[in-house]
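A.B. asks: Dumping the structure here so I can ask a few things about it.
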Amino acid sequence: MRFSPLLSKVLFTFSNFTRLRTPHLVHQAHLARLRPVPLRSMSGIPFLGALFGSSSSSSSKMSYPDQRSDDEWRAVLNKEQFRILREKATEPPGSGKFDKHYPEEGVYTCAGCQAPLYKAKQKFSSGCGWPAYFDSIPGAVTRHEDKAFGMTRTEIVCSNCGGHLGHVFKGEGFPTPTDERHCVNSVSLSFSPDDKAKESKA
Ligand SMILES: [Zn+2]
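Take 1 as the starting number for the sequence shown in UniProt numbering and just add one per residue.
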């Protein structure tokens with residue numbers, strides 16, 4: 001059933017041909033011929049499992065293209081940026097400069113490494129007190145399970161430097177194309193009105 005008709009036919013012919021002599025060996029031969037394929041794919045699974053397991057269990061241990069040390073980050077970030085981007089703190093609701101910022105065009109970039117993260121048109125008003133986006137620039141944001149504070153939430157970080165952005169929430173019923181809310185700290189973001197240059201880079 002798992003074999004293609006052609007393969008079944010070949011196997012059938014093969015076993016017919018040798019059936020009278022050594023049926024047991026024929027069976028072994030089938031197994032021997034088939035075994036390398038499942039073995040190869042099986043051995044790939046634990047490897048992939050380990051890969052994904054490690055990437056989702058700890059964001060801080062993941063390798064991002066931008067691998068600056070804490071000291072290097074301290075040199076370029078102010079105290080509040082370091083606390084939020086590198087230590088996963090959260091700015092008070094309603095305090096951020098981009099909370100009520102709704103430009104027609106432009107790109108929000110990572111305040112740490114300047115990677116483009118969100119387009120202006122992906123921002124929406126959620127009333128939650130933090131900038132909210134219904135989607136990100138493809139691949140710009142990486143998700144991790146966050147079990148801090150006795151809750152299971154999905155943390156979002158910059159895919160380029162691992163900087164903490166905030167959390168993403170699903171199924172809240174906002175009238176957006178995705179029904180997702182990327183709840184992002186303003187402190188984690190910079191804004192560039194130059195949409196076109198950033199987009200071609202993204
Ligand atoms: Zn970044």
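Where a beta carbon is used, it is the ideal one built from N, C-alpha and C, also for glycine.
1. Nearer than 7 Å: is that true of the beta carbon of Asp66 relative to any heavy atom of ligand 1?
2. DSSP on Leu85, reduced to helix/strand/coil?
3. By DSSP's criteria, Gln191 is part of a beta bridge. Which residues make up the other side?
4. Could you say if the region 182-195 and the region 122-140 meet the contact criterion of at least three C-beta pairs nearer than 8 Å?
5. Assign Asn78 to buried or exposed, taking buried as 16 or more other Cβ atoms, counted over all protein chains shown, within 10 Å of its Cβ.
6. Out of curiosity, what's the CA-to-CA distance linking Pro65 and Thr109?
7. Pick out whichever of Glu80, Lys88, Arg74 has its Cα sitting closest to the Cα of His144.
8. Give me whichever residues DSSP pairs with Thr152 in a beta bridge.
9. Consult DSSP for Glu172 and reduce its assignment to one of helix, strand or coil.
10. Helix, strand or coil for residue 208, going by three-state DSSP, please let me know.
11. State the Cα-Cα distance for the pair Arg74 and Gly162, rounded to the nearest angstrom.
12. What's the C-alpha gap between Lys170 and Ser69?
13. Check the C-beta distance from Ile84 over to Asn160 and give it rounded, since I have them as a contact under 8 Å.
14. Mind checking which residues open and close the beta strand (DSSP E) that includes Arg68?
15. Pull up the CB-CB distance for Phe174 and Ser126, whole angstroms please, since I reckon it's below 8 Å.
16. Ordered along the chain, which non-local residues of its own chain (more than five positions away) have a Cβ less than 8 Å from that of Pro177?
17. What is the chain-ordered set of residues for which the beta carbon lies under 5 Å from any non-hydrogen atom of ligand 1?
18. Taking the DSSP output, what are the residues bridged to Asp135?
C.D. replies: Working from what's here:
1. Yes, Cβ of Asp66 sits closer than 7 Å to a heavy atom of ligand 1.
2. Looking at Leu85 - three-state DSSP - the assignment turns out to be helix.
3. The question names Gln, but residue 191 is Phe in the sequence shown. Phe191 has Tyr108 as its beta-bridge partners, per DSSP.
4. The region 182-195 makes contact with the region 122-140, as at least three CB pairs between them are under 8 Å.
5. The residue is exposed, with fewer than 16 neighbouring Cβ atoms inside 10 Å.
6. Rounded to whole angstroms, Pro65 and Thr109 show a C-alpha spacing of 16 Å.
7. Restricting attention to Glu80, Lys88, Arg74, the CA atom closest to the CA of His144 is found in Lys88.
8. BP columns for Thr152 are empty, so no partner.
9. Of the three classes helix, strand and coil, the one that applies to Glu172 here is coil, per DSSP.
10. No statement about residue 208 is possible, as the shown extent of the chain runs from 1 to 202 and does not include it.
11. If I take the Cα positions, the gap works out to 15 Å.
12. Cα-Cα distance, rounded: 33 Å.
13. Incorrect: roughly 16 Å between the Cβ atoms, too far for contact.
14. Secondary structure note for Arg68: it is in no beta strand (DSSP E), with a DSSP letter that is neither H nor E.
15. The C-beta distance from Phe174 to Ser126 rounds to 6 Å, short enough to meet the 8 Å contact threshold.
16. Counting only Cβ-Cβ distances below 8 Å, and skipping sequence neighbours, we find Phe134, Asp135.
17. That gives Cys110, Gly112, Cys113, Ala115, Cys158, Asn160, Cys161, Gly163.
18. Beta-bridge analysis with DSSP links Asp135 to no other residue.
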